[in-house]
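Just so we're aligned: 58 in this note's numbering is position 58 of the sequence shown, and the numbers increase by one with no gaps anywhere.
Every residue, glycine too, gets a C-beta built ideally from N, C-alpha and C.
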Amino acid sequence: MVDTTPPGHAVLLAQFPELADYARPALRLHPRRGHPSAATSSVGGPLLWPVDEPWPTCDGSDHDVADGSTAGPFDEPVVMASVLQLYRRDLPAGILPAPGWEFPDGTDLLQVLWCPNLHMDTYGPRVRVFWRIAAHVHTARVANPTLNTSSENLGIDNLAPHPCVIHPETVVDFPPIARVQGDGCADPEFLYGVLPAPLEQACLAWTVDGALPDEESWNSDRGYRCQARVPGWKLGGWIRDAGFYPEPSQYCDCGAPAFSLLDTTFEGLDGPWQPVAEPEISWSDLDDGEWDGQRSPGIWGGRNGDLWLLACSADSSHTIRAQVE
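Below, the structure written as structure tokens:
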């Protein structure tokens, strides 16, 4: 079992107990390269997919390609990439990783796929989500179909994950605070607005060691942002701040609040989110000695490599929205 919650969490709550009202559970996945099967939860692994059900494709004409590339628009639909397969049985005991987050209609299997190419209108991939009852898949595909193209071989961001096994960990996430300005600093006069203004101002000035804050402390290992916000591949928790203004909408097109279905970013190996005991998984080095920027799946989307998916809290069939930063 992996336990990465930093001691700073307890220090933060002791100083600001009212933050407990804003805590949200999240599920860190800790993907590590391996050999998952369709019968296991995974990132980028084989899916338990009915043999008689067509595999999703993307026929969009707005795929982004590298400068000078002769690729696109493509002559055939683009095969979507396997991103996540999560069996309900693999969730740790306890509350689910977001308010209202659940497997709808008695399902017990979540599958996420996306187009392995960025799209110019959103600079993110097209996403498909499937909720299944695993026992109803009587005859499954032997393997995922081969991708016919992806952003990686077009010379830009890689959106086709390497196959990884996952090691779920339940953690607590706190809301984002002060928006980031163009100079990389947070402006106390331009608050994020989830927390009451006095509390957000206090969190902005907080450091885990009690030292006087400086203009960079909000984004340092000592500050709220690194101590309170959960890094890595995760489900649930708070929707991340985009790092630019205006913030993308946190509502579905139907008007219902969105929730963080999946967040893909750095594991935080150089920050406070370290295991308190040596886990039974590779923590810092891959077999080939490369860590891919602390991303075992190898995913990189957007300018800073952050990509997250927002889902509708009212209807699981509504469109999933991808955001990148």
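Could you tell me which residues DSSP puts in a beta bridge with Trp-206? Working through the sequence shown from its first residue, we reach residue 206 at position 206. DSSP output for Trp-206 lists no bridge partner at all.
Coil, strand or helix - Glu-169 by DSSP: Counted from its first residue, the sequence shown places residue 169 at position 169. Three-state result, Glu-169: strand.
Gly-44: buried (16+ other C-beta within 10 angstroms of its C-beta) or exposed? Locating residue 44 in the sequence shown gives position 44, counting from the first residue. Buried is the call here.
Can you confirm whether the region 250 to 267 touches the region 218 to 228 when touching is taken to mean that 3 or more C-beta pairs between the two stretches lie within less than 8 Å? no
When you compare only the Cα positions, how much space is there between Leu-12 and Ala-311? By one-based count along the sequence shown, residue 12 stands at place 12. By one-based count along the sequence shown, residue 311 stands at place 311. Approximately 30 Å, taken between the alpha carbons.
Reference Asp-75; option with closest CA among Leu-29, Pro-275, Thr-170, Thr-57: For this step, residue 75 is matched to residue 75 along the sequence shown. That would be Thr-57, whose Cα lies nearest to the Cα of Asp-75.
Give me the DSSP bridge partner(s) of Arg-321. Here residue 321 refers to the residue found at position 321 when the sequence shown is read from its first residue. DSSP output for Arg-321 lists Leu-310 as bridge partner(s).
Extent of the continuous beta strand (DSSP E) run through Gly-268: As a first step, residue 268 is located in the sequence shown; it is residue number 268 there, counting from the start. Run containing Gly-268: none; DSSP gives neither H nor E here.
Reducing DSSP to helix, strand and coil, say where Tyr-93 ends up. Position 93 of the sequence shown, counting from 1, holds the residue named residue 93. A small fix is needed here, since residue 93 is Ala in this sequence, not Tyr. In the structure shown, Ala-93 sits in coil (DSSP, three-state: anything other than H, G, I, E or B).
Work out the CA separation of Pro-31 and Trp-300 for me, nearest whole Å. Taking the first residue of the sequence shown as 1, we reach residue 300 at position 300. Taking the first residue of the sequence shown as 1, we reach residue 31 at position 31. Cα to Cα, the separation comes out at about 15 Å.
Which listed residue (Ser-296, Leu-307, Ile-166) has its alpha carbon closest to that of Ser-260: What you label residue 260 is simply residue 260 of the sequence shown in a count that begins at 1. Comparing Cα positions, the closest option is Leu-307.
Cβ shell of Cys-164 (< 8 Å), same chain only, five flanking positions each side left out: Within the sequence shown, the letter at position 164 stands for residue 164. The residues are Pro-31, Arg-32, Arg-33, Gly-34, Pro-36, Ser-42, Val-43, Gly-44, Gly-45, Ser-296, Pro-297.
I think Gly-236 touches Ala-26, with their Cβ atoms under 8 Å apart; what is that distance to the nearest whole Å? Here residue 236 refers to the residue found at position 236 when the sequence shown is read from its first residue. Here residue 26 refers to the residue found at position 26 when the sequence shown is read from its first residue. The Cβ separation is near 4 Å, so the contact holds.
To the nearest angstrom, how far is it from the Cα of Ser-313 to the Cα of Glu-102? For the purposes of this step, residue 313 is taken as the residue at position 313 of the sequence shown. For the purposes of this step, residue 102 is taken as the residue at position 102 of the sequence shown. Between Ser-313 and Glu-102, the C-alpha separation is close to 10 Å.
Report the CB separation of Phe-174 from Arg-89 in whole angstroms; it is logged as a contact under 8 Å. Translated into positions along the sequence shown, residue 174 becomes position 174. Translated into positions along the sequence shown, residue 89 becomes position 89. 29 Å between Cβ atoms; not a contact.
Under 7 Å between C-beta atoms of Lys-234 and Arg-24: The residue given as residue 234 occupies position 234 in the sequence shown. The residue given as residue 24 occupies position 24 in the sequence shown. Going by C-beta atoms, Lys-234 is not nearer than 7 Å to Arg-24.
Buried or exposed: where does Val-142 fall if 16 or more other Cβ atoms within 10 Å of its Cβ makes it buried? For the purposes of this step, residue 142 is taken as residue 142 along the sequence shown, with counting starting at 1. Classification for Val-142: exposed.
Could you tell me which residues DSSP puts in a beta bridge with Val-83? On the sequence shown, residue 83 is found 83 positions in, with the first residue counted as 1. Answer by DSSP bridge pairing: none, since Val-83 is not bridged.
Would you report the Cα separation of Thr-107 and Ala-205, rounded to the nearest angstrom? Residue mapping note: residue 107 aligns to position 107 of the sequence shown, counting from 1. Residue mapping note: residue 205 aligns to position 205 of the sequence shown, counting from 1. Answer to the nearest angstrom: the Cα atoms are 44 Å apart.
Best match in Phe-130, Gly-210, Thr-5, Ala-39 for proximity to Gln-15 [C-alpha to C-alpha]: Taking the first residue of the sequence shown as position 1, residue 15 is located at position 15. Among Phe-130, Gly-210, Thr-5, Ala-39, the Cα nearest to that of Gln-15 is on Gly-210.
Let me confirm a value: Pro-6 is counted as buried when at least 16 other C-beta atoms fall within 10 Å, else exposed. Which label applies? Working through the sequence shown from its first residue, we reach residue 6 at position 6. So Pro-6 ends up on the buried side.
Going by Cα to Cα distance, which pick from Asn-117, Gly-255, Leu-147, Arg-240 is closest to Asn-158? For the purposes of this step, residue 158 is taken as residue 158 along the sequence shown, with counting starting at 1. Measuring from the Cα of Asn-158, the nearest candidate turns out to be Asn-117.
Pick from Thr-40, Ala-93, Thr-264: whose alpha carbon is nearest that of Glu-169? Mapped onto the sequence shown, residue 169 falls at position 169. Nearest option by C-alpha distance: Ala-93.
Between which two residues does the beta strand (DSSP E) harbouring Gln-111 extend? Along the sequence shown, one-based indexing puts residue 111 at 111. Where Gln-111 is concerned, the enclosing beta strand (DSSP E) stretches over 109 to 114.
Would Ala-38 and Ala-160 be called neighbours here (beta carbons separated by less than 7 Å)? On the sequence shown, residue 38 is found 38 positions in, with the first residue counted as 1. On the sequence shown, residue 160 is found 160 positions in, with the first residue counted as 1. The answer is no: Cβ separation not under 7 Å.
Tell me where the beta strand (DSSP E) around Ala-14 begins and ends. Counted from its first residue, the sequence shown places residue 14 at position 14. No beta strand (DSSP E) holds Ala-14; the alpha helix (DSSP H) holding it covers 8 to 15.
Beta-ladder partner(s) of Phe-259, from DSSP: Indexing the sequence shown from 1 puts residue 259 at position 259. According to DSSP, Phe-259 bridges with Ala-311.
Spatial distance of Tyr-192 from Ser-220 (CA atoms): The residue labelled residue 192 in the question sits at position 192 within the sequence shown. The residue labelled residue 220 in the question sits at position 220 within the sequence shown. Tyr-192 and Ser-220: Cα-Cα distance of roughly 18 Å.
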